[in-house]
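**Q** Remember, our numbering sits 123 above the position in the sequence shown when you count from 1.
Here a beta-carbon is modelled for each residue, glycine too, at the ideal position from N, C-alpha and C.
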Amino acid sequence: MAKRKTTRYTNPVLIIGGGSSGGSDTDTTANTIGNRIASHLATLGIPAVTASPSGVGPNGVRFDWHDASTWPGVFEGAGAVPHNRGENDDPDDNEGIRAVYLVGPPSGFGDGDGNGGGGGGEDVAGVVMDFVDFAREKLGGKNGSGMRFVLQSESGVESGVEAGGPALGKVHAYLRELGTRGEVEWAVLRPTWFQQTLAERQNYVRSIRDESRLYSATGGGKIPWVSVEDLAAVAVQMLTRPDAPNTEFVVLGPELLSYDHVARMLSDLLGRKIVHIDLSTTELVDHYLAAGIPSSYAKMLSSLDTSVKFGSENRTNDVVLSVTGVAPRPFRQFLEEAKAVWAPVSSEA
């Protein structure tokens with residue numbers, strides 16, 4: 124009988140980032156998450172390779188979901204060694220990558236016809252599942268490879284949705300199916316809205332900094348904003364824990380805050396009045412288009428705001444604390460750490 128491993132795995136981790144080669148704001152948070160996960164892993168002495176459209180990051184290599192010619196390079200860049208774990212293998216054998224973190228292409232990003240950045244839901248699901256199969260073959264064969272995949276999805280995406288629903292739900296179901304057959308270990312992380320979005324997406328930064336305004340179509344709906352740092356900490360546990368997670372985790376922050384609440388907190392912190400401008404869904408789409416966000420992605424983002432308005436994110440849980448042993452970061456801590464981003468730009472030369 125194989126010995127049960129009781130300490131964390133220290134195999135190299137492959138982190139696959141989101142977005143496409145366009146390099147727009149939509150890539151920012153995905154790359155930020157990958158870099159933070161790599162940083163957390165480094166403190167544990169675990170090497171990581173970050174793959175993204177830019178190729179920038181810790182041990183960075185270029186990767187584009189919609190350009191399969193870039194896929195082999197992430198394994199070559201990782202110096203990956205096939206890592207088959209049979210029943211009689213030493214569970215402390217640490218050769219080769221055995222865990223992959225997946226941030227899929229943004230749902231709705233592209234031209235709206237399933238081209239470019241994954242505008243079609245079926246394309247998003249299909250390309251991620253194709254990569255999962257590619258990685259399994261590359262890193263040890265399709266059956267019994269012992270590979271672990273951790274998928275970053277979204278809080279509102281349920282597993283196994285019907286055609287026309289959020290694409291990553293199909294990927295949830297696929298990983299679950301592979302896990303049931305004993306072919307992979309898996310976890311799906313479903314984070315709510317990120318605190319860092321307000322400091323890393325330029326349309327938010329500019330509106331707060333230059334207009335003292337915060338635009339949304341959320342009405343009075345509340346969100347349990349979560350820190351990217353907390354998601355990264357949960358991800359590291361899922362990638363390295365000895366027991367296979369084989370389930371989904373909805374990753375939420377510690378407090379429910381509406382955009383009105385956020386505007387008041389920003390006002391207190393910055394010493395000037397920040398106003399929440401509550402738009403209709405159509406008005407918000409126009410606002411995003413004016414900020415240079417592609418049409419299909421603007422529509423998807425606006426629809427998420429509408430769902431918040433009707434209570435889709437009105438919940439909290441203890442996942443961050445139970446998984447990491449540390450309470451999730453409060454929203455005010457993020458605001459204080461990021462406040463320089465929203466300081467008015469000096470007009471002096």
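I'd like the span of the alpha helix (DSSP H) that includes R313, first residue to last.
**A** Here R313 belongs to no alpha helix (DSSP H); instead the beta strand (DSSP E) covers E308 to P314.
**Q** With a CB to CB cut of under 8 Å and the five nearest residues on each side skipped, what residues in its chain are close to L298?
**A** Excluding positions up to five away in sequence, the list reads V255, F272, L274, V307, W309 and V311.
**Q** For V464 and E334, I'd like the C-alpha separation in whole angstroms.
**A** Approximately 14 Å between the Cα atoms of the pair.
**Q** Comparing alpha-carbon positions, which option in V373, G219, Y327 and A248 lies nearest W188?
**A** Nearest option by C-alpha distance: A248.
**Q** Tell me whether A161 sits in a helix, a strand or coil according to DSSP, three-state version.
**A** Helix.
**Q** Across which residues does DSSP place E371 in a beta bridge pair?
**A** E371 is bridged to V311.
**Q** So, for R455: in the same chain, excluding its five sequence neighbours on each side, which residues have a beta-carbon less than 7 Å away from its beta-carbon?
**A** Answer for R455: M388, listed in chain order.
**Q** Short of 6 Å in beta carbon distance, which residues of its chain neighbour T303, apart from the five on each side in sequence? Order them along the chain.
**A** Closer than 6 Å at the Cβ level, and outside the excluded window around T303, lies no residue.
**Q** Is I156 near A355, with beta carbons less than 8 Å apart?
**A** Contact flag set, yes.
**Q** What are the boundary residues of the beta strand (DSSP E) that F272 is part of?
**A** First-last of the beta strand (DSSP E) with F272: R271 to Q275.
**Q** Below 8 Å, how does it come out for the stretch 370-379 and the stretch 388-400: are there three or more Cβ pairs, yes or no?
**A** These segments do not touch.
**Q** Please name the residue, chosen from V446, L137 and I416, that lies closest to T370 on a Cα-to-Cα basis.
**A** Nearest C-alpha to T370: V446.
**Q** Starting from L444, trace the alpha helix (DSSP H) in both directions and tell me its first and last residue.
**A** L444 -> alpha helix (DSSP H) spans V442 to T447.
**Q** Between which two residues does the beta strand (DSSP E) carrying D256 extend?
**A** From DSSP, D256 is part of no beta strand (DSSP E) but of the alpha helix (DSSP H) over G244 to K261.
**Q** Could you have a look at Y411 and say whether DSSP puts it in helix, strand or coil?
**A** Reduced to three states, the DSSP call for Y411 is helix.
**Q** Identify, in the order they occur along the chain, each residue of the same chain with its Cβ nearer than 8 Å to the Cβ of K396, setting aside the five sequence neighbours on each side.
**A** For K396, where only same-chain residues beyond five positions count, the Cβ hits under 8 Å are S335 and S390.
**Q** Tell me whether the stretch 170-185 and the stretch 132-140 touch, counting them as touching only if at least three CB pairs, one residue from each stretch, are closer than 8 Å.
**A** Because the criterion of three Cβ pairs below 8 Å is met, the stretch 170-185 and the stretch 132-140 touch.
**Q** Compute the Euclidean distance between the alpha carbons of R329 and R259, then round it to the nearest angstrom.
**A** Whole-angstrom Cα-Cα distance: 42 Å.
**Q** Using the Cα positions of R131 and L362, report the straight-line distance between them to the nearest angstrom.
**A** If I take the Cα positions, the gap works out to 9 Å.
**Q** To the nearest angstrom, report how far apart S276 and V223 are at their CA atoms.
**A** If I take the Cα positions, the gap works out to 14 Å.
**Q** Taking all protein chains shown into account, do 16 or more other C-beta atoms lie within 10 angstroms of the C-beta of F317, making it buried, or fewer, making it exposed?
**A** The residue is buried, with at least 16 neighbouring Cβ atoms inside 10 Å.
**Q** Going by Cα to Cα distance, which pick from Y411, P451 and S175 is closest to V226?
**A** If we check each option's Cα against that of V226, S175 comes out closest.
**Q** Unbroken beta strand (DSSP E) runs of length 3 or more, entirely within the stretch 315-342: which are they?
**A** Complete beta strand (DSSP E) runs here, min 3: 336-339.
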